[in-house]
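Line order of the protein sequences matches chains A and B.
For the first sequence, the numbering used here assigns the number 1 to the initial residue and increments by one for each residue that follows.
For the second sequence, the numbering used here assigns the number 1 to the initial residue and increments by one for each residue that follows.
Written below as structure tokens is the structure these notes are about.
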Amino acid sequence: MDFQVIIDSMPSLLEGMVLTIQITFLSLVIGFAMAIPLALMRVSKNPLLWMPAYGYIFFFRGTPLLVQLFLIYFGGGQFREQLEMLGLWVFFREAYFCAVFSLALNTAGYTAEILRGAIGAVPTGEIEAAKACGMHGQLLYRRIVLPKAFRLAIQAYSNEVVFLFQATSLVSIITLMDLTGYARVIVARTFDIYEIYITAALLYLCVTYGILYVFKKVEHRWSAHLRQRDTDDVDEAAITASMH
Amino acid sequence: MLDLKGYGWMLRDGLEMTLTVGFSALGVAVVMGLLGAWGKLSSSPVARGLAGTYTTVIRGVPELILILIVYYGTPTLIQSIASSFGHEIIIDVNRFIAGIGTIGFIYGAFATEVFRGAVLAVPKGQLEAAQAYGMSRPQIVRRILLPQVLRFALPGLGNVWMVLIKATALISVIQLPELVRNAQIAAGSTRQPFTFFFATALIFLAITTVSMIIQHRLEAWSNRGIQRG
Numbered sequence: 001m002d003f004q005v006i007i008d009s010m011p012s013l014l015e016g017m018v019l020t021i022q023i024t025f026l027s028l029v030i031g032f033a034m035a036i037p038l039a040l041m042r043v044s045k046n047p048l049l050w051m052p053a054y055g056y057i058f059f060f061r062g063t064p065l066l067v068q069l070f071l072i073y074f075g076g077g078q079f080r081e082q083l084e085m086l087g088l089w090v091f092f093r094e095a096y097f098c099a100v101f102s103l104a105l106n107t108a109g110y111t112a113e114i115l116r117g118a119i120g121a122v123p124t125g126e127i128e129a130a131k132a133c134g135m136h137g138q139l140l141y142r143r144i145v146l147p148k149a150f151r152l153a154i155q156a157y158s159n160e161v162v163f164l165f166q167a168t169s170l171v172s173i174i175t176l177m178d179l180t181g182y183a184r185v186i187v188a189r190t191f192d193i194y195e196i197y198i199t200a201a202l203l204y205l206c207v208t209y210g211i212l213y214v215f216k217k218v219e220h221r222w223s224a225h226l227r228q229r230d231t232d233d234v235d236e237a238a239i240t241a242s243m244h
Numbered sequence: 001m002l003d004l005k006g007y008g009w010m011l012r013d014g015l016e017m018t019l020t021v022g023f024s025a026l027g028v029a030v031v032m033g034l035l036g037a038w039g040k041l042s043s044s045p046v047a048r049g050l051a052g053t054y055t056t057v058i059r060g061v062p063e064l065i066l067i068l069i070v071y072y073g074t075p076t077l078i079q080s081i082a083s084s085f086g087h088e089i090i091i092d093v094n095r096f097i098a099g100i101g102t103i104g105f106i107y108g109a110f111a112t113e114v115f116r117g118a119v120l121a122v123p124k125g126q127l128e129a130a131q132a133y134g135m136s137r138p139q140i141v142r143r144i145l146l147p148q149v150l151r152f153a154l155p156g157l158g159n160v161w162m163v164l165i166k167a168t169a170l171i172s173v174i175q176l177p178e179l180v181r182n183a184q185i186a187a188g189s190t191r192q193p194f195t196f197f198f199a200t201a202l203i204f205l206a207i208t209t210v211s212m213i214i215q216h217r218l219e220a221w222s223n224r225g226i227q228r229g
């Protein structure tokens, strides 16, 4: 192991990590915004709504992300004239746009499926109670169903976030300089395969467990009203405090 | 219908390679998973630590990085070990073996969790009853534990397979001629990337659909004789 190489390449690797996190965050925000209407369409009883949503989710969950990425980045070139006519070619020739676009479409499919499961798991009693209070339609979804569904979905969603964060390493294949991209370039120049790839792996590992830690905190907070209060502990603490 | 311009055979060959790699990697993953679950449930702290590190590291590192480490790293490691003993050797890692090994090793970590859950799902009383009948440990594992573990693990293993077969697309980066790699070549020669990657996507959808049907049948078969409430 040559530690000097690791120290020398650290600034570049961290620069790559910034792009990795940026792409992850952008795709997550766009994907989540798409996932909510998709999930609502998917649980609808109207075939004109649920069938397209079903097809979308089936396609994006059933094919490899790499193929989706190639389909947009390389496949876009096949429709260059049409895209130029629509003024969209400026986007499709940019690797950055294609990367965020395909990652967002992909995570939207997975997130919609997670939300669909969570919406189905909202207890019927709660929905009935809300209806008895006079809520229905949008109000019922906004106040009761969606908040409850988000809480039920957060564990599965944290896995999706980790999955997407790691999947961003694929963007290095379409020439973007993310963490993996920098690692590959440095390895090609120095041939220090182990030192560089293992450092990159450790950086990914740290952020992954960082993400999981944050989600654990959020989940803990969101379920505060469901936890039993430790009244005994409080009393004991009060008694011990008063004794001094 | 998609016009493949006479390059359809490349996709067919690629599909064959993808399925071969997929099945072989699933075999590796099941073996790694059984070993990993055995380690995680073992009373030995060393085995528990090893299995824990295995699943933690694999879960936290992107597959692409792991593939690059195994494919480009292993020969260098062996060569530097050999040269420290005074031997100069050149090793060329077989892409096929490296692909199967890496994918199997990665999804072995996911199979570990599946098998661990399945072992814990077997009622403890049954194992105690078997012990009370005087069965030896290997007998209990073979007669009581494993048949039920396989049944409990089937849904989870089905999911591992679905993710694994899609992950084989990644080994196109080490130029193994599987579906995605062949589609890339065909797309380059015909200048019709969308057509070929779309055809590839459809083939993967077909694999997923067939897998779902088979998984459903397998689960029904393994649950025969189980009463449903």
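For each residue, glycine too, the CB sits at the ideal point set by N, CA and C.
Keep in mind it's a predicted model, so treat the numbers as computed, not measured.
Residue environment analysis places B:P193 among the buried positions, since at least 16 neighbouring C-beta atoms fall within 10 angstroms of its C-beta.
Within 10 angstroms of the beta-carbon of A:S102 lie 16 or more other beta-carbons, which makes it buried.
Nearest Cα to A:A35 within the set A:E113, A:L226 and A:Y182: A:E113. Three or more beta-carbon pairs drawn from the segment 14 to 33 of chain A and the segment 177 to 197 of chain A are found closer than 8 Å, and the two stretches are therefore classed as touching.
Of the residues assessed, A:P64 falls on the buried side of the cut-off, its CB having 16 or more other CB atoms within 10 angstroms. Interface annotation for the segment 70 to 85 of chain A against chain B: F70, L71, F74, G75, G76, G77, Q78 and F79, criterion Cβ-Cβ distance under 8 Å.
Not a single C-beta of chain A is nearer than 9 Å to the C-beta of B:R143. By the C-beta density criterion, A:P52 is exposed, having fewer than 16 other C-beta atoms within 10 angstroms. Residue nearest to B:A98 within the set B:H87, B:P75 and B:K124 is B:P75 (criterion: CA-CA distance). Measuring C-alpha to C-alpha distances from A:F58 to each of B:V114, B:P177, B:A51 and B:M162 identifies B:M162 as the nearest. Collapsing the DSSP output to three states places B:L4 in coil.
For B:I214, the number of other beta carbons within 10 angstroms of its own is below 16, and it is reported as exposed. The DSSP-derived three-state label of A:L139 is helix.
Going by beta carbons, B:V160 and B:V114 fall inside the 9 Å limit. A:T208 sits close to A:F165, with the two beta carbons spaced by under 9 Å. Nearest to B:I69 by C-alpha distance, out of A:R227, A:P123 and A:L202, is A:L202. In summary, A:L86 is exposed, with fewer than 16 beta-carbon neighbours lying within 10 Å of its beta-carbon over all protein chains present.
By the Cβ-count criterion, A:F92 is buried, with 16 or more other Cβ atoms from all chains shown falling within 10 Å of its own Cβ. Under the DSSP assignment, B:G60 falls in the alpha helix (DSSP H) whose first and last residues are P45 to G60. Taking the Cα positions, A:Y110 is about 10 Å away from A:F32. Of B:R95, B:F96 and B:I78, the smallest CA-CA separation from B:I89 is found for B:I78.
With contacts defined as CB atoms closer than 9 Å, B:A153 and B:L11 fail to qualify as a contacting pair. A distance below 8 Å between beta-carbons, with the five flanking residues on each side excluded, links B:S24 to the following residues of its chain, in chain order: I100 and G104. B:R59 sits close to B:A109, with the two beta carbons spaced by under 9 Å. Secondary structure in the segment 96 to 183 of chain B: the alpha helix (DSSP H) runs of 4 residues or longer, each lying completely within the stretch, are 124 to 132, 137 to 140 and 146 to 167 in chain order. With fewer than 16 other Cβ atoms inside 10 Å of its own Cβ, A:G55 counts as exposed.
Interface with chain B (9 Å Cβ-Cβ cutoff): A:G16 is excluded.
Taking 8 Å as the Cβ-Cβ cut-off, the segment 58 to 84 of chain B approaches chain A at R59, G60, V61, P62, E63, L64, I65, L66, L68, I69, Y72, G73, T76 and L77, given in chain order. Proximity of chain B to A:V67 at the Cβ level (cut-off 7 Å) is accounted for by A169, V180, F197, T200, A201 and F204, in chain order.
In summary, no residue of the segment 149 to 163 of chain B has a CB separated from any CB of chain A by less than 7 Å.
Shown in chain order are the members of the segment 45 to 64 of chain A whose Cβ falls below 9 Å from a Cβ of chain B: F58, F59, R61, G62, T63 and P64.
Per DSSP, the unbroken alpha helix (DSSP H) holding A:R61 starts and ends at P47 to G62. Bounds of the alpha helix (DSSP H) holding A:F92 are W89 to F92.
In this structure, the beta-carbon distance from A:A95 to A:Y73 falls below 9 Å.
Among the residues of chain B, none has a CB under 8 Å from the CB of A:A104; the nearest is roughly 17 Å distant.
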